[in-house]
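Colleague:
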Amino acid sequence: MNVSLKRIQAIFIKDYKEFSRNYAVSIMILFPIAFALLYRTEAGDQAAIYAFIMNFSLAMLTSFVQACLIAEEKERNTLRSLMMTPASMLDVLIGKSALVFLISAAVLAFSTYLFGYESSNVMLLAAALGISILLYTAIGTICGLYSKTLLEASLSVFPVLIIFTAGPFALVFEDQYPFLEVLRYLPSSQLSELLVEMEAGAAAGELTKPLVVISLWAVVLTVVSFVLYKRRLMDQ
């Protein structure tokens with residue numbers, strides 16, 4: 001499958017213009033920054049608080065914006081036209097994901113600076129957040145493709161926000177309700193575990209498992225988003 005940088009760039013620029021004009025979507029970049037400022041003076045486990053901010057931001061910013069950008073195309077019937085152009089599936093999905101990835105990376109980096117979080121392994125932290133952005137972008141793509149309107153896309157992201165953000169906190173009831181152990185394998189729980197273990201100075205081997213689990217989530221959901229896009233193309 002051919003990948004055209006010119007087509008990707010054209011889709012990227014088009015999405016940037018739509019993002020900058022739609023204030024209901026672009027305002028989402030303020031939430032991670034606001035949370036970082038709000039919790040920067042909180043006492044307690046800084047790694048756990050930082051993990052909550054990152055998990056919330058990934059769901060509220062990355063997934064939400066991606067879902068809305070795709071749903072907006074569907075609502076205006078421009079996604080169908082885009083599917084019928086010479087642009088390949090990779091051109092479209094990479095082009096439509098690149099903007100969200102760059103915005104998320106920049107906002108999360110700035111929020112990390114505002115929060116004052118310092119990692120003992122910056123490269124590992126960057127890798128975990130980068131893979132998580134890809135994962136939540138795939139989730140946003142799936143939500144957007146399943147939604148018919150911008151409103152539906154906005155609502156479809158809320159279950160993601162609730163489950164993925166609250167998942168790590170629900171684990172405190174794991175002893176009383178053993179079935180909650182499944183929440184330990186959520187990417188948000190694994191990101192929290194990774195950050196807490198890094199803070200505790202865990203060995204590199206102990207940090208591999210959370211990163212692998214997050215990567216598996218990212219791969220599986222990205223494949224699902226590709227398959228769903230292809231199905232939408234055939235349906236059209």
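For the sequence shown, full-length UniProt numbering assigns the number 1 to the initial residue and increments by one for each residue that follows.
Glycine included, each C-beta is placed from N, C-alpha and C at the ideal position.
1) Kindly indicate which three-state DSSP category ASP45 falls into: helix, strand or coil?
2) According to DSSP, is GLU118 part of a helix, a strand, or is it coil?
3) Only counting the same chain, and skipping five residues up and downstream in sequence, which positions put a Cβ closer than 8 Å to that of ASN121?
4) Closest to ALA153 by CA distance: which of ILE13, VAL25 and PHE12 is it?
5) Between the C-alpha atoms of GLU174 and GLN9, what's the straight-line distance to the nearest angstrom?
6) Beta carbon of LEU161, beta carbon of MET60: below 9 Å?
7) What are the start and end residues of the alpha helix (DSSP H) that includes ASP15?
8) Quick check: SER4 and SER88, are their CB atoms within less than 9 Å of each other?
9) When the Cα of residue 240 is compared with those of ILE214, GLU181, LEU180 and PRO32, which residue comes out closest?
10) Closest by CA to PHE12, which one among THR41, LEU37 and ASP91?
11) Whose C-alpha, out of GLY116, ILE70 and THR137, is nearest the C-alpha of GLN46?
12) For ARG7 and LYS14, what's the separation of their Cα atoms in angstroms?
13) Is VAL100 near THR137, with beta carbons less than 9 Å apart?
Modeller: With the given structure in hand:
1) As a position in the sequence shown, residue 45 is number 45, starting the count at 1. Reduced to three states, the DSSP call for ASP45 is coil.
2) Translated into the one-based positions of the sequence shown, residue 118 becomes position 118. The answer is coil: DSSP assigns GLU118 none of H, G, I, E or B.
3) Position 121 of the sequence shown, counting from 1, holds the residue named residue 121. Here the set comprises MET198 and LEU207.
4) Taking the first residue of the sequence shown as position 1, residue 153 is located at position 153. The residue with the shortest Cα to Cα distance from ALA153 is VAL25.
5) In the sequence shown, counting from the first residue as 1, residue 174 sits at position 174. In the sequence shown, counting from the first residue as 1, residue 9 sits at position 9. If I take the Cα positions, the gap works out to 47 Å.
6) Reading the sequence shown from its first residue, position 161 is the one you call residue 161. Reading the sequence shown from its first residue, position 60 is the one you call residue 60. Going by C-beta atoms, LEU161 is nearer than 9 Å to MET60.
7) Along the sequence shown, one-based indexing puts residue 15 at 15. Note, ASP15: alpha helix (DSSP H), 5 to 21.
8) Locating residue 4 in the sequence shown gives position 4, where the first residue counts as 1. Locating residue 88 in the sequence shown gives position 88, where the first residue counts as 1. Contact flag set, yes.
9) Because the chain in this structure spans residues 1 to 236, residue 240 falls outside the shown range and cannot be described.
10) One-based indexing of the sequence shown puts residue 12 at position 12. Minimum Cα distance to PHE12 is reached at ASP91.
11) The count along the sequence shown starts at 1 and reaches residue 46 at position 46. Answer by Cα proximity: GLY116.
12) For the purposes of this step, residue 7 is identified with residue 7 of the sequence shown, where counting begins at 1. For the purposes of this step, residue 14 is identified with residue 14 of the sequence shown, where counting begins at 1. Looking at the two C-alpha atoms, the distance is approximately 11 Å.
13) Position 100 of the sequence shown holds residue 100. Position 137 of the sequence shown holds residue 137. A contact, by the Cβ cut-off of 9 Å.
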